[in-house]
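**Student:** Protein chains in written order, with our numbering: chain C, 22 to 189; chain S, 18 to 383. The beta carbon of each residue, even a glycine, is placed where N, CA and C say it ideally should be.
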């Protein structure tokens with residue numbers, strides 16, 4: 022959902038927060054696989070975006086893509102920061118003790134495992150595509166690559182994910 | 018199944034649905050807290066911005082001051098080093114000469130010569146450390162550039178100004194014709210009224226160039242005075258010896274020496290007088306040269322709007338030149354700063370991307 026450019030900046034930012042906060046968290050969590058780190062990144066992303074809200078230029082892309090660009094930088098900065106202190110410890114799946122007869126739970130476990138099997142760049146692409154809801158051009162802008170390159174990478178990541186799901 | 022195999026829409030829909038089932042959801046408490054911070058306007062972020070603004074407020078005046086200092090230094094260096102003479106500078110020379118009367122000496126016994134532009138000449142102090150009055154030989158030269166038709170009138174003015182200052186024309190040469198003319202004068206005016214005379218001369222026509230010299234001749238004068246005193250003392254001694262002489266031969270020899278001594282005294286007295294005259298009368302060399310359009314700017318009357326326009330143009334021209342030089346100096350710095358910023362940005366981006374690659378390795382180990 023794109024915000025109207027006629028809204029005052031504060032209202033537009035509030036709307037952006039309500040619209041994208043969960044998605045930013047989902048992106049960060051998928052990339053970092055650490056709840057605390059994902060929360061830190063989400064908070065840092067909105068704080069930075071709020072600080073730079075006047076610098077948003079609608080001609081250079083949607084507000085949502087702009088936010089995820091900031092979120093990505095925050096995530097990578099968090100990675101660097103934690104690398105200097107301690108390695109991230111990936112969290113166990115929420116429903117590890119699932120019912121073996123529950124197909125849906127089994128499928129969720131398989132998808133999680135498949136997602137965890139991807140490398141960070143592939144997980145990031147999946148998260149930007151499905152959780153952030155960005156199109157290929159917006160993903161390309163966030164990653165600083167060409168749109169065709171982004172499309173190719175997304176396709177490969179999805180194929181690997183599908184393969185991993187089937188293997189699970 | 019190869020990774021490059023295309024996904025059919027059905028598979029993609031299933032994958033999308035599967036991913037949606039495992040979408041991480043944030044803790045509502047965390048989201049509520051973050052929203053509160055947003056509603057408060059991220060006060061910690063505002064504090065950081067205020068701190069940054071405070072730094073900018075401190076840094077900007079400092080940077081401005083530094084820039085101004087650079088510009089002033091450039092003006093001083095360029096203004097002092099160019100050695101060019103412009104009309105407005107020459108006009109200001111008359112008051113400058115007048116101020117020389119009270120200026121302090123720079124180097125006793127030495128001669129100082131200024132260039133064409135305004136330059137205060139060294140004026141020795143009124144007395145030496147030994148109590149003898151200081152003797153200074155002074156001279157000045159001016160180039161006046163009236164309109165060609167006004168050369169004769171200006172030449173007449175030179176003579177009048179000299180007489181008004183109590184001086185006289187030692188030498189003059191005036192050549193006028195249809196196309197203008199030139200006149201040269203060597204004037205002698207009392208040293209005490211040199212500034213007054215130069216100021217009066219400067220009002221006759223635009224001054225294209227001025228210069229002045231001041232030479233300390235105290236030592237030479239003192240030496241001449243001593244020699245004269247010695248000669249006079251010798252005369253007294255010879256006269257006393259003549260009074261005591263008893264033989265014709267002694268008397269004749271003393272008279273011959275007295276004759277020589279008289280000649281010596283006359284010669285030395287003349288030398289001393291010449292030195293004193295050099296100190297008492299300054300020499301002013303004036304060149305009057307007819308020049309087309311020269312009188313348009315600063316001819317000795319009032320300061321007209323035309324003069325103001327001319328001066329404004331000169332100031333703007335100079336300011337523009339200084340700004341251009343300043344920019345030329347700053348441009349390489351700006352390019353360097355831009356390159357450093359670009360390199361820093363690239364390095365930061367690479368470090369971030371490297372963090373992602375290294376995380377993959379960590380995650381693999383985990």
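Taking a Cβ distance cut-off of 9 Å, strictly less, list which residues of the stretch 65-95 of chain C are near chain S, in chain order.
**Tutor:** Answer in chain order: 67, 68, 69, 71, 72, 93 and 94.
**Student:** So if I threshold CB-CB distances at 8 Å, which residues from the stretch 20-44 of chain S count as touching chain C?
**Tutor:** Listed in sequence order: 20, 21, 22, 23, 24, 28, 29, 32, 33, 35, 36, 37, 38, 39, 40, 41, 42, 43 and 44.
**Student:** Within the same chain, show all residues whose beta-carbon is closer than 8 Å to that of residue 167(C), passing over the 5 residues directly before and after it, in chain order.
**Tutor:** Your numbering for residue 167(C) matches position 146 in the first chain. Closer than 8 Å at the Cβ level, and outside the excluded window around residue 167(C), lie 161.
**Student:** Could you confirm whether any beta carbon from chain C is found closer than 8 Å to the beta carbon of residue 11(S)?
**Tutor:** Any question about residue 11(S) goes unanswered here, given that chain S covers just 18 to 383.
**Student:** Hey, quick one: how far does the alpha helix (DSSP H) through residue 161(C) stretch, first residue to last?
**Tutor:** For the purposes of this step, residue 161(C) is taken as the residue at position 140 of the first chain. That run of the alpha helix (DSSP H) goes 157-164.
**Student:** What are the residues of the stretch 365-379 of chain S that lie near chain C, defined by any Cβ-Cβ distance shorter than 8 Å?
**Tutor:** Under the 8 Å Cβ criterion, the stretch 365-379 of chain S contributes 366, 368, 369, 370, 372, 373, 374, 375, 376, 377 and 379.
**Student:** Roughly how many angstroms lie between the CA atoms of residue 38(S) and residue 129(C), to the nearest whole one?
**Tutor:** As a position in the second chain, residue 38(S) is number 21, starting the count at 1. As a position in the first chain, residue 129(C) is number 108, starting the count at 1. Near 7 Å, if we compare the C-alpha coordinates of residue 129(C) and residue 38(S).
**Student:** Which ranges does the beta strand (DSSP E) cover as unbroken runs of at least 3 residues, wholly within the stretch 179-265 of chain S, from first to last along the chain?
**Tutor:** Listed in chain order, the complete beta strand (DSSP E) runs (minimum 3 residues) inside the stretch 179-265 of chain S are 185-194, 197-207 and 224-233.
**Student:** Say whether chain C places a C-beta atom closer than 8 Å to the C-beta of residue 55(S).
**Tutor:** Reading the second chain from its first residue, position 38 is the one you call residue 55(S). Yes - at least one Cβ of chain C is within 8 Å of the one on residue 55(S).
**Student:** Using 8 Å as the threshold, is the stretch 250-262 of chain S in touch with the stretch 276-295 of chain S, meaning 3 or more CB pairs across them?
**Tutor:** Counting Cβ pairs under 8 Å, three or more are found: they touch.
**Student:** Are the beta-carbon atoms belonging to residue 70(C) and residue 88(C) less than 8 Å from one another?
**Tutor:** Taking the first residue of the first chain as 1, we reach residue 70(C) at position 49. Taking the first residue of the first chain as 1, we reach residue 88(C) at position 67. It is a contact, given that the beta carbons lie within the stated cut-off.
**Student:** Smallest Cα separation from residue 55(S): which of 142(C), 33(C), 103(C) and 50(C)?
**Tutor:** Against the second chain, residue 55(S) aligns to sequence position 38. When only C-alpha atoms are compared, the closest one is 33(C).
**Student:** Looking at the C-beta of residue 48(S), does it have a partner C-beta in chain C at a distance below 8 Å?
**Tutor:** Taking the second chain and counting its residues from 1, one reaches residue 48(S) at position 31. Interface residue, yes.
**Student:** Provide the residue span of the beta strand (DSSP E) that contains residue 160(S), from first to last.
**Tutor:** For the purposes of this step, residue 160(S) is taken as the residue at position 143 of the second chain. Taken as a continuous stretch (DSSP letters only), the beta strand (DSSP E) holding residue 160(S) covers 153-161.
**Student:** On the DSSP bridge list, what partners appear for residue 166(S)?
**Tutor:** Within the second chain, numbered from 1, the residue matching residue 166(S) stands at position 149. The partner list for residue 166(S) (beta bridge, DSSP) is empty, contrary to what the question assumes.
**Student:** Does the beta carbon of residue 146(C) sit closer than 8 Å to a beta carbon anywhere in chain S?
**Tutor:** As a first step, residue 146(C) is located in the first chain; it is residue number 125 there, counting from the start. So no, residue 146(C) is outside the interface.
**Student:** Any C-beta of chain C sitting closer than 8 Å to the C-beta of residue 76(S)?
**Tutor:** Stepping through the second chain from its first residue, residue 76(S) is reached at position 59. Chain C, which has no Cβ nearer than 8 Å to the Cβ of residue 76(S), makes this no.
**Student:** Which residues of chain S have a Cβ atom closer than 7 Å to the Cβ of residue 8(C), listed in chain order?
**Tutor:** The first residue shown for chain C is 22 and the last is 189, placing residue 8(C) beyond what the model contains.
**Student:** Closest to residue 305(S) by C-alpha separation, out of 289(S), 368(S), 176(S) and 320(S), would be which residue?
**Tutor:** As a working note, residue 305(S) is residue 288 in the second chain. Ranking the options by Cα distance to residue 305(S), first place goes to 176(S).
**Student:** Ends of the alpha helix (DSSP H) at residue 173(C)?
**Tutor:** Translated into the one-based positions of the first chain, residue 173(C) becomes position 152. Per DSSP, residue 173(C) belongs to the alpha helix (DSSP H) from 168-188.
**Student:** Evaluate the contact criterion for the stretch 233-240 of chain S versus the stretch 342-357 of chain S: three or more CB pairs, one atom per stretch, below 8 Å.
**Tutor:** Because the criterion of three Cβ pairs below 8 Å is not met, the stretch 233-240 of chain S and the stretch 342-357 of chain S do not touch.
**Student:** In three-state DSSP terms, what is residue 43(S)?
**Tutor:** Here the question's residue 43(S) lines up with position 26 in the second chain. Reduced to three states, the DSSP call for residue 43(S) is coil.
**Student:** At 8 Å on the CB atoms, spell out the chain S contacts of residue 43(C), in chain order.
**Tutor:** On the first chain, residue 43(C) is found 22 positions in, with the first residue counted as 1. Per Cβ cutoff of 8 Å: 42, 43 and 48.
**Student:** Consult DSSP for residue 54(S) and reduce its assignment to one of helix, strand or coil.
**Tutor:** If you number the second chain from 1, residue 54(S) lands on position 37. In this structure, residue 54(S) counts as helix in the three-state DSSP scheme.
**Student:** What does DSSP give as the partner residue(s) for residue 299(S) in the beta ladder?
**Tutor:** For the purposes of this step, residue 299(S) is taken as residue 282 along the second chain, with counting starting at 1. According to DSSP, residue 299(S) bridges with 206(S).
**Student:** Cα separation between residue 79(C) and residue 35(C)?
**Tutor:** Stepping through the first chain from its first residue, residue 79(C) is reached at position 58. Stepping through the first chain from its first residue, residue 35(C) is reached at position 14. When rounded, the distance between both Cα atoms is 17 Å.
**Student:** Please check if any C-beta of chain C sits within less than 8 Å of the C-beta of residue 113(S).
**Tutor:** The residue given as residue 113(S) occupies position 96 in the second chain. For residue 113(S), the predicted model reports a pLDDT of 38, less than 50, meaning its position is unreliable; a value from the coordinates is still stated below. No, residue 113(S) lies away from the interface with chain C (no Cβ there is under 8 Å from its Cβ).
**Student:** Using a Cβ-Cβ cut-off of less than 9 Å, give me the residues of the stretch 346-358 of chain S that come near chain C, in sequence order.
**Tutor:** Against chain C - using a Cβ distance shorter than 9 Å - the stretch 346-358 of chain S contributes no residues.
**Student:** Is it a yes or a no for the stretch 42-49 of chain S touching the stretch 175-184 of chain C, going by three-plus beta-carbon pairs under 8 Å?
**Tutor:** In short, these stretches do not touch, since the Cβ pair count stays below three.
**Student:** Run through the DSSP bridge pairs and tell me what residue 78(S) is partnered with.
**Tutor:** Here residue 78(S) corresponds to residue number 61 of the second chain, with the count starting at 1. Answer is none; residue 78(S) lacks a bridge partner.
**Student:** Does residue 149(C) come within less than 8 Å of chain S when only Cβ atoms are used?
**Tutor:** In the first chain, counting from the first residue as 1, residue 149(C) sits at position 128. No - not a single Cβ of chain S is within 8 Å of the one on residue 149(C).
**Student:** Verify the CB distance criterion: does residue 363(S) have a CB-CB separation below 8 Å to chain C?
**Tutor:** Stepping through the second chain from its first residue, residue 363(S) is reached at position 346. Closer than 8 Å: no.
**Student:** Measuring only the C-alpha atoms, how far is residue 27(S) from residue 158(C)?
**Tutor:** By 1-based counting over the second chain, the position of residue 27(S) is 10. By 1-based counting over the first chain, the position of residue 158(C) is 137. Those two C-alpha atoms are separated by around 23 Å.
**Student:** Would you give the residue range spanned by the alpha helix (DSSP H) that residue 46(C) belongs to?
**Tutor:** Translated into positions along the first chain, residue 46(C) becomes position 25. Segment 30-53, the alpha helix (DSSP H) holding residue 46(C).
**Student:** Can you name the residues of chain C whose CB is closer than 8 Å to the CB of residue 333(S)?
**Tutor:** Along the second chain, read from residue 1 onward, the residue named residue 333(S) stands at position 316. Chain C residues near residue 333(S): none, gap ~38 Å exceeds 8 Å.
**Student:** How about residue 287(S) and residue 238(S): are their beta carbons less than 8 Å apart?
**Tutor:** Locating residue 287(S) in the second chain gives position 270, where the first residue counts as 1. Locating residue 238(S) in the second chain gives position 221, where the first residue counts as 1. The answer is no: Cβ separation not under 8 Å.
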